[in-house]
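Chemist: In the UniProt record's numbering, the protein residues as written are 1 to 488. Just so it is clear, CB atoms sit at the ideal spot from N, CA and C, and this is done for glycine as well.
Here is the structure:
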């Protein structure tokens with residue numbers, strides 16, 4: 001009779017027999033299947049079976065545990081390596097809880113980031129918000145009339161704000177920048193136009209005659225006048241220029257160089273002319289005039305050589321002139337003038353013979369600080385025996401005009417008192433009593449604020465008026481120069 005076959009999955013069972021079969025078990029490692037021999041027939045099975053364990057299987061497991069214990073005992077008697085001992089010690093310590101806990105175990109569980117759409121969140125529009133109009137490509141060129149009117153009004157409002165801010169800045173920056181911009185904007189019309197077509201050619205000739213007379217009379221040194229016996233040098237041609245010591249000149253506010261020819265005709269020859277002015281464009285025109293004069297003639301009417309000239313943009317009254325290179329080379333003494341020491345004032349430490357200020361000195365009387373700075377610059381530039389020549393509006397005439405204006409105002413007030421019962425008609429506006437103004441079609445002087453009724457300007461600084469001159473000056477601020485206060 002053939003022996004039955006036993007399947008490892010337990011789906012079939014051996015048939016019942018009177019004699020139990022003789023089974024021999026061979027143990028192998030865990031990775032190979034279990035082999036069971038019964039009378040020469042082979043049955044294959046697996047350790048990890050799901051059927052109930054038979055007594056033979058229990059015996060087999062018991063045999064395995066005994067083998068492991070024997071193996072462990074054999075390993076205990078065998079010498080262990082150092083690395084093995086360290087691993088065992090680490091395992092024992094880990095079981096006892098001696099190792100420090102991991103830092104990562106104390107951290108919070110990371111919160112997963114919620115993914116959202118990159119599109120902006122849609123908000124419900126407020127009920128007052130206007131409906132947004134959709135535009136087609138190129139629809140910006142088809143703006144309706146209402147939008148155009150709104151844009152125009154906003155632009156006008158911005159322009160008014162910018163103009164108001166510009167006026168505030170102009171008022172805060174003082175007279176220096178206003179005067180500089182004005183004279184930079186005045187065009188150069190040429191000498192022929194000034195002599196023939198100008199409306200104020202008579203006034204120009206009068207002013208030039210005044211300046212020429214001052215240069216002829218007061219520019220020569222005392223030694224020069226003593227050698228020539230104080231004779232009239234205006235038409236003399238007997239002066240030997242090579243034997244005379246030439247002059248060094250500084251012109252404060254030279255403008256377009258209108259006085260270059262007058263200095264060329266000076267009795268005492270001029271070696272150096274330094275022109276200072278805050279208006280850069282005016283200085284460019286002065287350089288051009290100097291080059292024309294230099295190219296046309298090498299000598300003046302008296303036979304004088306054309307002097308060397310330099311032009312530098314500079315505020316002559318609001319700051320020191322010690323930083324101008326040509327002035328540093330010639331010489332300036334900053335210790336003299338208002339606020340200087342008494343010992344230094346006895347000696348002229350400057351290097352220039354003459355300092356002139358032709359129709360510019362009144363700009364320094366904006367305040368006392370500028371006036372003192374102007375006098376300090378003049379005193380520091382002049383050498384011992386030097387001369388200062390200045391031209392400005394006559395303060396006596398201005399005082400007389402102010403007194404006359406106040407008399408007319410008082411007379412008008414008395415006439416109004418006589419007609420006190422008569423009320424002003426609708427729309428009639430009374431004249432301002434603070435404004436004093438006089439002039440004609442050629443010139444105009446206007447005081448915007450209060451003026452002294454007696455015509456005495458106290459204090460001596462800050463008495464501003466606006467001056468207009470046809471073809472020359474366009475309503476720029478100037479200041480009264482009280483002559484007695486200036487002399488003091």
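1. In terms of residues, what are the limits of the beta strand (DSSP E) holding residue 358?
2. Helix, strand or coil, according to DSSP, for residue 314 in the structure here?
3. Using the Cα positions of residue 281 and residue 272, report the straight-line distance between them to the nearest angstrom.
4. Given a threshold of 16 other Cβ atoms within 10 Å of its Cβ, counted over all protein chains shown, does residue 213 qualify as buried or as exposed?
5. By the 10 Å Cβ neighbour count, where 16 or more other Cβ atoms means buried, how is residue 373 classified, buried or exposed?
6. Indicate the three-state DSSP secondary structure (helix, strand or coil) for residue 471 in the structure shown.
7. Using DSSP with H/G/I as helix, E/B as strand and the rest coil, what is residue 308?
8. Near residue 248, which residues of its chain fall below 7 Å by C-beta distance, leaving aside the five closest residues on each side in sequence?
9. Between residue 200 and residue 366, which are expected to be in contact by the criterion C-beta below 8 Å, what is the C-beta distance as a whole number of angstroms?
10. Taking the alpha-carbon positions, what's the residue 396 to residue 194 distance?
11. Pick helix, strand or coil for residue 257, following the three-state DSSP scheme.
12. Determine the contact status of residue 257 and residue 275, defining contact as a CB-CB distance below 8 Å.
13. Between the alpha carbons of residue 477 and residue 211, how many angstroms are there, rounded?
14. Residue 204 to residue 391, Cα distance in whole Å?
15. Quick one: measure Cβ to Cβ for residue 305 and residue 377, integer angstroms, because I've assumed they're closer than 8 Å.
16. Please state the DSSP three-state secondary structure of residue 477.
17. Beta-carbon within less than 7 Å of residue 164's beta-carbon, same chain only, minus the 5 sequence neighbours each way: which residues are those?
18. How long is the line joining the alpha carbons of residue 156 and residue 162, rounded to whole angstroms?
19. Give the range of the beta strand (DSSP E) segment to which residue 249 is assigned.
20. Measuring CA to CA, which of 191, 196, 250, 244 is closest to residue 383?
21. Whole angstroms is fine: what's the gap from residue 389's alpha carbon to residue 152's?
22. Report yes if the C-beta distance between residue 402 and residue 435 is below 8 Å; otherwise report no.
23. Pull up the CB-CB distance for residue 218 and residue 387, whole angstroms please, since I reckon it's below 8 Å.
24. Tell me the DSSP secondary structure of residue 36 in three-state form.
25. Considering Cα atoms alone, identify which of 245, 207, 335 is closest to residue 358.
26. Given a cut-off of 8 Å, decide if residue 326 and residue 381 are closer than it, judged by their beta-carbon atoms.
27. Answer with buried or exposed for residue 220, where buried requires no fewer than 16 other C-beta atoms within 10 angstroms of its C-beta.
28. Between which two residues does the beta strand (DSSP E) harbouring residue 372 extend?
29. Since I believe residue 398 is in contact with residue 473 (beta carbons under 8 Å), could you give me their beta-carbon distance rounded to a whole number of angstroms?
30. To the nearest angstrom, report how far apart residue 369 and residue 451 are at their CA atoms.
31. Check each candidate in 148, 226, 225, 253 and name the one with the smallest Cα separation from residue 313.
32. Is it right to say residue 489 is buried, meaning 16 or more other beta carbons lie within 10 angstroms of its own, or is it exposed?
33. Looking at the structure shown, is residue 274 part of a helix, part of a strand, or coil, going by DSSP?
34. Can you check whether the CB of residue 266 is closer than 8 Å to the CB of residue 317?
Modeler: Straight from the coordinates:
1. 352-358
2. coil
3. 22 Å
4. It is exposed - the Cβ of residue 213 has fewer than 16 other Cβ atoms within 10 Å.
5. buried
6. The three-state reading of DSSP puts residue 471 in coil, since its state is none of H, G, I, E or B.
7. strand
8. 271, 272, 330, 351, 352, 353
9. Rounded, the Cβ-Cβ distance is 26 Å, inconsistent with contact.
10. 29 Å
11. Residue 257: coil per DSSP, three-state reduction.
12. yes
13. In this model, residue 477 and residue 211 are separated by some 23 Å (Cα to Cα).
14. 14 Å
15. So it is not a contact: roughly 29 Å between Cβ atoms.
16. It is a strand residue.
17. none
18. 10 Å
19. 247-252
20. The candidate whose alpha carbon is nearest that of residue 383 is 250.
21. Put simply, the backbone Cα of residue 389 is about 56 Å away from that of residue 152.
22. Not closer than 8 Å, so no.
23. The Cβ separation is near 6 Å, so the contact holds.
24. For residue 36, the predicted model reports a pLDDT of 47, less than 50, meaning its position is unreliable; a value from the coordinates is still stated below. Of the three classes helix, strand and coil, the one that applies to residue 36 here is strand, per DSSP.
25. 207
26. no
27. buried
28. Here residue 372 belongs to no beta strand (DSSP E); instead the alpha helix (DSSP H) covers 368-381.
29. Incorrect: roughly 16 Å between the Cβ atoms, too far for contact.
30. 22 Å
31. 253
32. In the structure as shown, the chain starts at 1 and stops at 488, and residue 489 therefore has no counterpart that could be examined.
33. strand
34. Going by C-beta atoms, residue 317 is not nearer than 8 Å to residue 266.
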